[in-house]
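Visitor: Residue numbers (full-length UniProt numbering): 1 to 118.
Have a look at the structure that comes next, please.
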């Protein structure tokens with residue numbers, strides 16, 4: 001099954017009067033064409049999986065970094081405190097493809113595109 005909209009999904013299997021439901025998975029779909037940000041710069045981009053984020057002053061302090069696959073699956077999450085405008089991220093486990101990097105704090109959220117090429 002390929003989701004067509006964001007939401008929580010579970011699989012229900014039924015046979016011979018028995019039924020079982022999987023745990024829910026949250027899917028966040030993203031359109032890469034709509035995502036742009038001058039407030040966050042990813043380099044190198046394309047990347048092999050290890051890259052740096054240049055963030056603006058508004059993200060100094062506590063923040064969350066979440067990376068979503070093109071299907072909207074969360075593939076990376078980190079809560080951190082940014083003391084400088086440059087953060088190093090290691091995601092060598094990611095497969096080749098397009099990803100969305102979401103950076104958020106209590107007051108702001110931005111998305112940036114990331115391309116992984118091995």
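Just so you know, even glycine gets a beta-carbon here, dropped at the ideal spot from N, CA and C.
Keep in mind that this is a model prediction, so the values were computed, not measured.
1. Give me, in chain order, the residues of the same chain whose beta-carbon lies closer than 6 Å to that of residue 46; leave out the 5 immediate sequence neighbours on both sides.
2. Excluding sequence positions up to five away, which residues of its chain have a Cβ less than 8 Å from the Cβ of residue 104?
3. How far does the beta strand (DSSP E) with residue 173 in it extend, from its first residue to its last?
4. Restricting to runs no shorter than 3 residues, where is the beta strand (DSSP E) found entirely within the UniProt domain "Secretion system C-terminal sorting" (42 to 116)?
5. Have a look at residue 100 and residue 12 and give me their C-alpha separation to the nearest angstrom.
6. Can the beta-carbon of residue 27 be found less than 9 Å from the beta-carbon of residue 56?
7. I need the boundaries of the beta strand (DSSP E) containing residue 8, first residue and last residue.
Guide: According to the data block:
1. 115 and 117
2. 63, 64, 66 and 110
3. Outside the displayed range of the chain (1 to 118) lies residue 173, so it cannot be described from this structure.
4. 50 to 55, 61 to 69, 74 to 82, 86 to 90, 97 to 104 and 109 to 116
5. 29 Å
6. no
7. 7 to 9
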